[in-house]
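Novice: These protein sequences, in sequence, are chains D and W.
Residues in the first sequence are numbered consecutively from 599, following this note's numbering.
Residues in the second sequence are numbered consecutively from 17, following this note's numbering.
Where is the CB? At the ideal position from N, CA and C, for every residue including glycine.
Quick one: the structure is below, and I'll ask about it shortly.
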Amino acid sequence: MIETILAGFADALHLANILFVLLGVVVGVTAGAIPGINGPMAIALCIPLSYYMSPVAAIGFLVGVNKGAFFGGSIPGILLNAPGTPESAATTWDGHPMALQGKGEKALRVALYSSVTGDAFATLLLVLVAAPLASVALYMGPPEIFALICVAMTIIASLGTRSLTRGLIAAAFGILIGMVGIEPVSALPRLTFGIVALERGISLIPIGIGMLAFSEIIMQLERLIGSTTTQEVISFSDKAEDRLFSLGEFLRCGKTLLRSSFVGSMVGALPGLGAPVASFFAYDQAVKHSYCPDTFGKGNLEGIAASEAANSAVAASSLIPLFTLGIPGNMAAALLIGAFVVHGMTPGPLMFEQNARFVYAVYGSVVIASLLLLLVGRAGLRLFCKLVQVPPLTLYPVIIFTCTMGAYLSQYTAFDVTLMLAFSLLAYFMRKFDYSFICLIIGFILAPIWETSLQQVIIASEIDPFMFAKRPVAIILMALTFFIIAKTAFAACKANTSSPALRGAPSCHACPPRTPSTLP
Amino acid sequence: MTEIKRDVISYGFVAMLSGAFLLWVIPAFSPEYPGYGAPPTLMPNVAACLMLGLSLLGLVRTVLRRRRADGGTADGVRWRHLFLFFLPCGLMMPAMHHLGFIPAGLLFMAFIQLACGQRRIAPLVLVAALPVLAVYLLMRYALGVPMP
């Protein structure tokens, strides 16, 4: 056991792996720093490049991108009041007022140290908790896995979207798309419309790039073209107290950092909630526990620390359900499943038995990514600040071209580019009609596991309709599914009847679905 | 477009789509039941039934809501914008096949920039040339990928 752990960490410490993780962190911070690009978008664009790396380097690279993007998203949020990622929205409430006071560099340093603290806390939790949880998860059979996926999809559809109905429709459509290809039992093509290229099934790359990156750019261009808004010019103060984040200040934020890291880790470990919920919740808790809550929203260091520690903790803790159950905690983890599969690994409890050395190498890469984020953030802070000034007219055409080439790189066929465009068009309409394309992608990713577990249940039970009734854990999980559906439906009916004004509220996919009451 | 109109259109479309899947696509494009395990049509049928049931439920709720209030406004689809960006993207791969990677890439980038609103010549040329050449070098020499 110890030898396996050491061998895994030794793999992670190979120079090539460290360089790829470093590259990932730089790419992630750069992507996050550019307004309009977020972590999942950057991961979707980078997955085709990871084909050319070893499995450990590829996952390390993508984890680096994810971690870098969480911190990078705070840069435009603090400097321009335009959060690069939805989870950085809470950071702007105190970060931008500081930037307006000339303390932008200090706010960025607080964001960096808080991100690294939250990330380190969650990484430690991942290392300590994932293996024991996976050994428990090994006792789960196909009925429990089937029921667990039902719960996960219901949670994602109910908490990650504004409408449970539309969330479940999107997830069901994702399952339908996931059924395209060779049917596992008969080994014959299903739902391919006679198109040979579809017999391999639809790859995650065109779906990820099309729905996460391309459609987002098309939506942003729609808002940009014809808009006349200009960016504010932020200047940095030269005084040391306005630039540096001292040890005393760090220690004064200690309680907030620990609390927010814990909140972020818990939220990240639950499927569907995601980083925006973690950062808003942690900010809310920081306000409630503060001796001077009135200073929040005006440049309070603890506000930045709470939001950043919580959202960065999600990056590592979202790997817990991925490693232990094979279920993605958020969109970035869902994309990582695609990368694992490409490299011949199936995330889940069996990974600890079959590829233990690989898992510990990934742990090593996660730790290295945290350290490199600190180094890259400190060394390139001023440089990354310049990235927020890249004009969209330069950036967006480059991203469109990169999306097209990224889709081509997945299997070297123009058909994948067509698929990518088709899915970006679908995501565009889903956004316009207020459907969650995230539910669709998660439904698509979970569909094969869901179908396989159902097939196993049916074959093992010889089509016994009471198979689930004999498994108490499966019964509890299915009951939980129905409870979540009933509770969400009841809450929606209540909100509908009590506040008719809310029905006309504008909707935005960048905004989180839940906001606490005490936010500024 | 009001939110209610948007919901009626979207739920109606989903209901029709799932109906088409249940009645035509799934039976026509699924293999025969091999005699063991679950039928290949089971999961697609479950997903399509879920979509149909939920969309009809949503439709009923929207119609009932319509009687009580008008609801807010929703952002409409901008067809011209979609056409402007999707058409060149759709034509890029065939153009690369016929004209070659670099000429087609340069034309594509120039067109997209013009569509975005870029009117200054120097940035237009630079932004058209640099990414295309960088991607060409990366794909051709670093990754050894067969060019489109």
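Spatial neighbours of L146 of chain W within its chain, please: C-beta separation below 7 Å, excluding the five flanking residues on both sides.
Specialist: Within the second sequence, numbered from 1, the residue matching residue 146 of chain W stands at position 130. A distance below 7 Å between beta-carbons, with the five flanking residues on each side excluded, links L146 of chain W to no residue of its chain.
Novice: DSSP three-state call for R94 of chain W: helix, strand or coil?
Specialist: As a working note, residue 94 of chain W is residue 78 in the second sequence. Three-state DSSP puts R94 of chain W in coil, outside helix and strand.
Novice: So, at 7 Å on beta carbons, what are the nonlocal neighbours of L103 of chain W in its own chain, with the 5 sequence-adjacent residues on each side left out?
Specialist: As a first step, residue 103 of chain W is located in the second sequence; it is residue number 87 there, counting from the start. If we look at L103 of chain W and ignore the five residues flanking it on each side, it has no Cβ neighbours.
Novice: Answer yes or no: does any C-beta atom of chain W fall closer than 8 Å to that of Q1053 of chain D?
Specialist: In the first sequence, the residue the question calls residue 1053 of chain D occupies position 455. For Q1053 of chain D, the answer is yes, since a Cβ of chain W falls inside 8 Å of its Cβ.
Novice: Using the Cα positions of I1082 of chain D and L993 of chain D, report the straight-line distance between them to the nearest angstrom.
Specialist: Looking up residue 1082 of chain D in the first sequence gives position 484. Looking up residue 993 of chain D in the first sequence gives position 395. About 42 Å.
Novice: Taking the alpha helix (DSSP H) that A686 of chain D falls in, what are its first and last residues?
Specialist: Position 88 of the first sequence, counted from the start, is the residue given in the question as residue 686 of chain D. The sequence given here has Ser at residue 686 of chain D, not Ala. Per DSSP, S686 of chain D belongs to no alpha helix (DSSP H) and is neither H nor E.
Novice: What would DSSP say about T1113 of chain D, mapped onto helix, strand or coil?
Specialist: As a first step, residue 1113 of chain D must be located in the first sequence, where it is residue number 515. For T1113 of chain D, the predicted model reports a pLDDT of 39, less than 50, meaning its position is unreliable and no value from the coordinates is stated.
Novice: Step through the CB atoms of chain W and report whether any lies within less than 8 Å of the CB of S652 of chain D.
Specialist: Within the first sequence, the letter at position 54 stands for residue 652 of chain D. S652 of chain D does not count as touching chain W.
Novice: Is the shortest distance between the beta-carbon of L736 of chain D and the beta-carbons of chain W less than 8 Å?
Specialist: Position 138 of the first sequence holds residue 736 of chain D. Closer than 8 Å: no.
Novice: Rounded to whole angstroms, what's the CA-CA distance from F1080 of chain D to L810 of chain D? Just pull it up for me.
Specialist: Translated into positions along the first sequence, residue 1080 of chain D becomes position 482. Translated into positions along the first sequence, residue 810 of chain D becomes position 212. Answer to the nearest angstrom: the Cα atoms are 30 Å apart.
Novice: With 8 Å as the threshold, decide whether the Cβ of P740 of chain D is near any Cβ in chain W.
Specialist: Here residue 740 of chain D corresponds to residue number 142 of the first sequence, with the count starting at 1. Chain W contact via Cβ: absent.
Novice: How many angstroms separate the CA atom of R1112 of chain D from the CA atom of A1089 of chain D?
Specialist: Within the first sequence, the letter at position 514 stands for residue 1112 of chain D. Within the first sequence, the letter at position 491 stands for residue 1089 of chain D. Note that R1112 of chain D scores a pLDDT of 37, beneath 50, so its modelled location is shaky; the value from the coordinates is reported in the next line. Approximately 13 Å between the Cα atoms of the pair.
Novice: Using 8 Å as the threshold, is the C-beta distance between I918 of chain D and A867 of chain D below it?
Specialist: Counting from 1 along the first sequence, the entry for residue 918 of chain D is found at position 320. Counting from 1 along the first sequence, the entry for residue 867 of chain D is found at position 269. Yes, the Cβ-Cβ distance between I918 of chain D and A867 of chain D is below 8 Å.
Novice: Look up G779 of chain D in the DSSP assignment and give the residues it is bridged to.
Specialist: On the first sequence, position 181 is the one that residue 779 of chain D refers to. BP columns for G779 of chain D point to D:R788.
Novice: Taking R788 of chain D as the query, report the chain W residues whose CB atoms sit under 7 Å from its CB, ordered along the chain.
Specialist: As a working mapping, residue 788 of chain D is identified with position 190 in the first sequence. Result: F45, S46, P47, P56.
Novice: Quick test of your reading: M696 of chain D and A705 of chain D, contact by CB under 8 Å. State the CB separation rounded to the nearest angstrom.
Specialist: Taking the first residue of the first sequence as position 1, residue 696 of chain D is located at position 98. Taking the first residue of the first sequence as position 1, residue 705 of chain D is located at position 107. Contact flag correct, Cβ pair sits at about 4 Å.
Novice: For L73 of chain W and A1087 of chain D, what's the separation of their Cα atoms in angstroms?
Specialist: As a working note, residue 73 of chain W is residue 57 in the second sequence. As a working note, residue 1087 of chain D is residue 489 in the first sequence. Using only the alpha carbons, I get a separation of about 12 Å.
Novice: Look up T89 of chain W in the DSSP assignment and give the residues it is bridged to.
Specialist: As a working note, residue 89 of chain W is residue 73 in the second sequence. Note: T89 of chain W sits in a beta bridge opposite W:T18.
Novice: If the cut is a Cβ gap below 7 Å, which residues of chain D does I128 of chain W touch?
Specialist: By one-based count along the second sequence, residue 128 of chain W stands at place 112. Within 7 Å Cβ-Cβ: P995, I998.
Novice: Check distances from the C-beta atoms of the region 783-808 of chain D to those of chain W and list, in chain order, the residues that come in under 9 Å.
Specialist: V783, S784, A785, L786, P787, R788, L789, T790, F791, G792
Novice: Starting from T763 of chain D, find everything on chain W with Cβ-Cβ shorter than 7 Å and list it in chain order.
Specialist: As a first step, residue 763 of chain D is located in the first sequence; it is residue number 165 there, counting from the start. Correct list: L70, L73, G74.
Novice: Do I800 of chain D and L1017 of chain D have their beta-carbon atoms positioned less than 8 Å apart in this structure?
Specialist: Stepping through the first sequence from its first residue, residue 1017 of chain D is reached at position 419. Stepping through the first sequence from its first residue, residue 800 of chain D is reached at position 202. Cβ atoms of L1017 of chain D and I800 of chain D: closer than 8 Å.
Novice: Go ahead and label T78 of chain W buried or exposed: buried means 16 or more other beta carbons lie within 10 angstroms of its beta carbon, across all protein chains shown.
Specialist: What you label residue 78 of chain W is simply residue 62 of the second sequence in a count that begins at 1. With 16 or more other Cβ atoms within 10 Å, it is buried.
Novice: If we cut at 8 Å on Cβ distances, does K1030 of chain D have a partner in chain W?
Specialist: Start at 1 with the first residue of the first sequence, and residue 1030 of chain D comes out as number 432. It does: the Cβ of K1030 of chain D has a partner Cβ on chain W nearer than 8 Å.
Novice: Pair every Cβ in the region 1055-1070 of chain D with every Cβ in the region 946-961 of chain D, then say whether three or more of these pairs are closer than 8 Å.
Specialist: no
Novice: For chain W, find out if any of its Cβ atoms is closer than 8 Å to the Cβ of T992 of chain D; answer yes or no.
Specialist: Taking the first residue of the first sequence as position 1, residue 992 of chain D is located at position 394. Closer than 8 Å to some Cβ of chain W, the Cβ of T992 of chain D qualifies, so yes.
Novice: Report the rounded CA-to-CA distance for P945 of chain D versus I823 of chain D, giving the unit in angstroms.
Specialist: On the first sequence, residue 945 of chain D is found 347 positions in, with the first residue counted as 1. On the first sequence, residue 823 of chain D is found 225 positions in, with the first residue counted as 1. Their backbone Cα atoms lie some 42 Å apart in a straight line.
Novice: Output the boundary residues of the alpha helix (DSSP H) element that contains F1027 of chain D.
Specialist: Along the first sequence, one-based indexing puts residue 1027 of chain D at 429. Looking at the DSSP string, the run of the alpha helix (DSSP H) that includes F1027 of chain D is 1012-1030.
Novice: Which residues of the region 927-940 of chain D have a Cβ closer than 8 Å to any Cβ of chain W? Give them in chain order.
Specialist: none
Novice: Under 8 Å between beta-carbons, which chain W residues line up against M1003 of chain D? List them in chain order, please.
Specialist: Start at 1 with the first residue of the first sequence, and residue 1003 of chain D comes out as number 405. Those within 8 Å of M1003 of chain D in chain W are V151, M155.
Novice: Give the interface partners of V1015 of chain D over in chain W, defined as CB-CB distance under 7 Å, in chain order.
Specialist: Here residue 1015 of chain D is taken as the residue at index 417 of the first sequence, counted from 1. The answer, in chain order, is M109.
Novice: If we ignore side chains and look at the alpha-carbon of each, how far apart do V93 of chain W and T18 of chain W end up?
Specialist: As a position in the second sequence, residue 93 of chain W is number 77, starting the count at 1. As a position in the second sequence, residue 18 of chain W is number 2, starting the count at 1. C-alpha separation (whole angstroms): 12 Å.
Novice: Output, in chain order, the set of chain W residues within a Cβ distance shorter than 9 Å of I773 of chain D.
Specialist: By 1-based counting over the first sequence, the position of residue 773 of chain D is 175. What I773 of chain D touches in chain W: M59, P60, V62, A63, L66.
Novice: Of all the CB atoms in chain W, is at least one closer than 8 Å to the CB of I616 of chain D?
Specialist: Counting from 1 along the first sequence, the entry for residue 616 of chain D is found at position 18. No, because no Cβ of chain W sits closer than 8 Å to the Cβ of I616 of chain D.
Novice: List the residues of chain B that M777 of chain D touches, going by C-beta distances under 8 Å, in chain order.
Specialist: Checking the listed chains, one finds no chain B in this structure; the protein chains it contains are D and W.
Novice: Contact check, R955 of chain D vs T602 of chain D under 8 Å by CB: the rounded distance?
Specialist: To locate residue 955 of chain D, count along the first sequence from 1; it is residue 357. To locate residue 602 of chain D, count along the first sequence from 1; it is residue 4. Right, the Cβ-Cβ distance comes to about 5 Å (below 8 Å), so this counts as a contact.
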